[in-house]
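Number of protein chains: 2
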Amino acid sequence: MAVYTEVTDEELTTFVADYSIGKVTSCKGIAEGTENSNYLLNTEKGSYILTLYEKRVAANDLPFFLGLMGHLAKRGVACPTPLENTNGQALNQLCGRNAAIISFLEGMWPRRPTPDHCAELGQALAKLHVVGADFEIKRPNALSVASWRKLLEASGARADEVKPGLRDILAQEIDELEASWPETVSSLPSGVIHADLFPDNVFFNGGQLSGLIDFYFACNDVFAYDVAICLNAWCFETDGSFNTTKARRMLSAYGKVRNFSKVELDALPLLARGSAMRFLLTRLYDWLNTPKDAMVTIKDPLELLERLQFHQGVTSPSSYGLDQS
Amino acid sequence: MAVYTEVTDEELTTFVADYSIGKVTSCKGIAEGTENSNYLLNTEKGSYILTLYEKRVAANDLPFFLGLMGHLAKRGVACPTPLENTNGQALNQLCGRNAAIISFLEGMWPRRPTPDHCAELGQALAKLHVVGADFEIKRPNALSVASWRKLLEASGARADEVKPGLRDILAQEIDELEASWPETVSSLPSGVIHADLFPDNVFFNGGQLSGLIDFYFACNDVFAYDVAICLNAWCFETDGSFNTTKARRMLSAYGKVRNFSKVELDALPLLARGSAMRFLLTRLYDWLNTPKDAMVTIKDPLELLERLQFHQGVTSPSSYGLDQS
């Protein structure tokens, strides 16, 4: 994501003076993050990320996001921590926007995830689920099943520009998901989930997971939905094939930290369909509403249609190579 | 500038292994630079800029640009230095592109330049002119007077979308510049110039100039043209007024390092018109050919029309407050 807000050096100096991190030595806009302006801020004391929250992040969600990062980091989940200024505030104002300084996380996200990466991911995800349990603020999942029909309508007939018949395919799938989702989900353990744990949000350093970033879709929902997102995000090859080894390593590592029950396992095919739908719908909307030559990476929505259709053909977790062990 | 080329961690690891800078600990695309993909690369040994040269930078110009930075840095001009790999090469290949690792320069560019900044700039500019004298590779200025009519034609009738009558105003000015330029320029001292020294290419740290960056328009041309570019880039206020104090401080500091002769001073009004024209024409083209909602900053071409028209009214350097001293 490109930088939206231009921060003057005077404004930055004043802002940083309220923190105990020394003087600014450099500040560069970085091309990462979802909906925000992100800067790599170097000071006399070290490296930090400065984030300015742009319009698409609701201001009243920020205490949840920042609070959650602090909560998790304190309890040993590797993730960035918001810094408090000298008044004890993590959420402050810069250039008329909500802004925070967040600790810098070393590492890079894996462009070609391996089974080893998937195992590391599974362990970290389970830890996040366990440790998030006593986080007090709640935030419902704004992009769950109840939002999908509206999201599809926002793209409307133009969905068929991406693939003829796509609108009908998705509408029919939403019918089925709306029918099955509430009952399935009601029986599953829930808590804080990351809800966007694609490879670009997971950093590794020398093969070891160094941290999870970008908690701006985090919310309360069933844990198995987070696992289903990771199945879609990590376990398909670029040729569209499903990599059973990756899925098994991920789930097996997850299970060593938090028991992944039979009822959760059985729900995976449906949850994976729903997760594919959720990302397909937002990518579809972005695809139709971002100029092709804008300098942002627009992810292909049809990649997720393939995955959705794969999950439609899955009748039991054994098709994923995931049998209760 | 957003990042164009996506580098995988495996490709990066292999690339960096050929340098003596230790292992990569992080690598983030940054939103700076003109036509290239730039990354802030952290390794065990420090911070660096990794640049991948995209199409608009001609490959056969790269030895000039990289050689010049090395040449200047060795002789005490504060600027980034290209690192050589273990084979002694500064220019290498990554992801099918020419690529270089360049030293990291601390500091930030001044969003609101002051007369003190202008004095620091003048001194650094003069030093660049002096020290560049014995740099052996030559590169003609591809964006000088001979290119302006073609550049205007590239925008064509659409120039008037920006301002009615703009095409005629510019065509007439180009007539005058083409008539006066060769004779004026032939009498002036020349050498290596930066040719794009706008505030975003000059870093300061605690009020001191910490370095000049972005040498990708550097070329051989008359020194006074570089000064004229800086007049346009640094000495106008946002309300369009010319700040004589800034111009005086810049020229006075310049003159302490390299004598700025009467013939150069007298040429400034014409050179400043030409410099305004050059940036006006490229901004006009970008304005007309970049989608408005692309996530890049498109600079207003009309800002430079105002400056051009100011210089048209200047008959002698004393109008700038610059009298030979």
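Residue numbers (the working numbering), protein chains in the order written: chain A, 4 to 328; chain B, 4 to 328. For each residue, glycine too, the CB sits at the ideal point set by N, CA and C.
From the options, pick the residue whose C-alpha is nearest to that of residue i; which is it?
i: F226 (chain B); options: B:G214, B:L254, B:P202 and B:G243; result: B:L254
i: G330 (chain A); options: A:A34, A:G168 and A:L215; result: This structure does not reach residue 330 (chain A), given that chain A is present from 4 up to 328, and the question cannot be answered.
i: A250 (chain A); options: A:A275, A:L287 and A:D242; result: A:A275
i: A93 (chain A); options: A:G73, A:G25, A:C82 and A:A81; result: A:G73
i: D224 (chain B); options: B:S321, B:L191, B:A279 and B:L97; result: B:L191
i: L108 (chain B); options: B:E35, B:E176 and B:Y56; result: B:E35
i: E47 (chain A); options: A:Y22, A:G79 and A:L291; result: A:Y22
i: T17 (chain A); options: A:I172, A:C238 and A:T89; result: A:T89
i: A343 (chain A); options: A:D64, A:A103, A:E123 and A:L44; result: The first residue shown for chain A is 4 and the last is 328, placing residue 343 (chain A) beyond what the model contains.
i: L283 (chain A); options: A:L173, A:T241 and A:F206; result: A:L173
i: D12 (chain B); options: A:F207, A:D217 and A:K77; result: A:F207
i: K58 (chain B); options: B:N39, B:A76 and B:Y51; result: B:N39
i: K259 (chain B); options: B:A129, B:D64 and B:S322; result: B:A129
i: L212 (chain A); options: A:I104, A:R170, A:A103 and A:P118; result: A:P118
i: K302 (chain A); options: A:Q315, A:R78 and A:D203; result: A:D203
i: S150 (chain A); options: A:E181, A:A103, A:G79 and A:G135; result: A:E181
i: L252 (chain B); options: B:E14, B:S322, B:G91 and B:C121; result: The displayed chain sequence assigns Arg, not Leu, to residue 252 (chain B). Measuring from the Cα of R252 (chain B), the nearest candidate turns out to be B:C121.
i: V188 (chain B); options: B:V266, B:Y323, B:P167 and B:Y51; result: B:V266
i: Y51 (chain B); options: B:G324, B:N95 and B:I104; result: B:I104
i: T248 (chain A); options: A:K77, A:Q96 and A:G324; result: A:G324
i: S183 (chain B); options: B:A136, B:S322, B:G135 and B:Q315; result: B:Q315
i: L15 (chain A); options: B:T8, B:G209, B:Q96 and B:Q175; result: B:G209
i: G135 (chain A); options: A:G243, A:K77, A:S244 and A:S322; result: A:K77
I'd like to check one pair, residue j with residue i: are the Cβ atoms closer than 8 Å?
i: Y257 (chain B); j: G125 (chain B); result: yes
i: D229 (chain B); j: L271 (chain B); result: no
i: Y219 (chain A); j: V60 (chain A); result: yes
i: A62 (chain B); j: N101 (chain B); result: yes
i: A221 (chain A); j: F68 (chain A); result: yes
i: V19 (chain A); j: C98 (chain A); result: no
i: D269 (chain A); j: P320 (chain A); result: yes
i: V133 (chain A); j: R261 (chain A); result: yes
i: F263 (chain B); j: V195 (chain B); result: no
i: R342 (chain B); j: L291 (chain B); result: Given a span of 4 to 328 for chain B in the structure shown, any question on residue 342 (chain B) remains unanswerable.
i: H197 (chain B); j: L273 (chain B); result: no
i: K83 (chain A); j: I140 (chain A); result: One detail in the question is off: residue 83 (chain A) reads as Pro in this sequence, not Lys. Taking 8 Å as the Cβ cut-off, P83 (chain A) and I140 (chain A) do not qualify as a contacting pair.
i: C238 (chain A); j: N246 (chain A); result: yes
i: G32 (chain B); j: Y42 (chain B); result: yes
i: T231 (chain B); j: S278 (chain B); result: Correcting the residue type first, residue 231 (chain B) is Ala in the shown sequence and not Thr. For A231 (chain B) and S278 (chain B), yes; Cβs fall inside 8 Å.
i: L55 (chain A); j: L44 (chain A); result: no
i: S106 (chain A); j: L75 (chain A); result: no
i: D178 (chain B); j: R170 (chain B); result: no
i: D64 (chain B); j: R142 (chain B); result: yes
Name, in chain order, the residues that DSSP records as bridge partners for residue i.
i: L55 (chain B); result: B:S40 and B:A102
i: D242 (chain B); result: The partner list for D242 (chain B) (beta bridge, DSSP) is empty, contrary to what the question assumes.
i: C30 (chain A); result: A:L44
i: I196 (chain A); result: A:C222
i: L97 (chain A); result: A:R100
i: G49 (chain A); result: A:T46
i: G214 (chain A); result: A:F206
i: P85 (chain B); result: B:I105
i: M111 (chain B); result: B:F207
Following a CB-centred definition, is residue i positioned closer than 7 Å to any heavy atom of the ligand FAD?
i: E14 (chain B); result: Among the ligands in the structure shown, none appear at all, so the ligand FAD cannot be discussed.
- Query: Given 8 Å as the limit, is there contact between the region 97 to 115 of chain A and the region 142 to 153 of chain A, that is, 3 or more CB pairs closer than that?
  - Reply: no
* If we count Cβ pairs, one from each stretch, closer than 8 Å, do we get three or more for the region 279 to 296 of chain B versus the region 153 to 168 of chain B? -> yes
Original post:
Are three or more beta carbon pairs between the region 19 to 34 of chain B and the region 304 to 324 of chain A nearer than 8 Å?
Top reply: no
Which runs of the alpha helix (DSSP H) fall wholly inside the region 234 to 285 of chain A and span at least 4 residues, in chain order?
247 to 260
- Item | Minimum length 4: unbroken alpha helix (DSSP H) runs contained in the region 113 to 154 of chain A | 118 to 134
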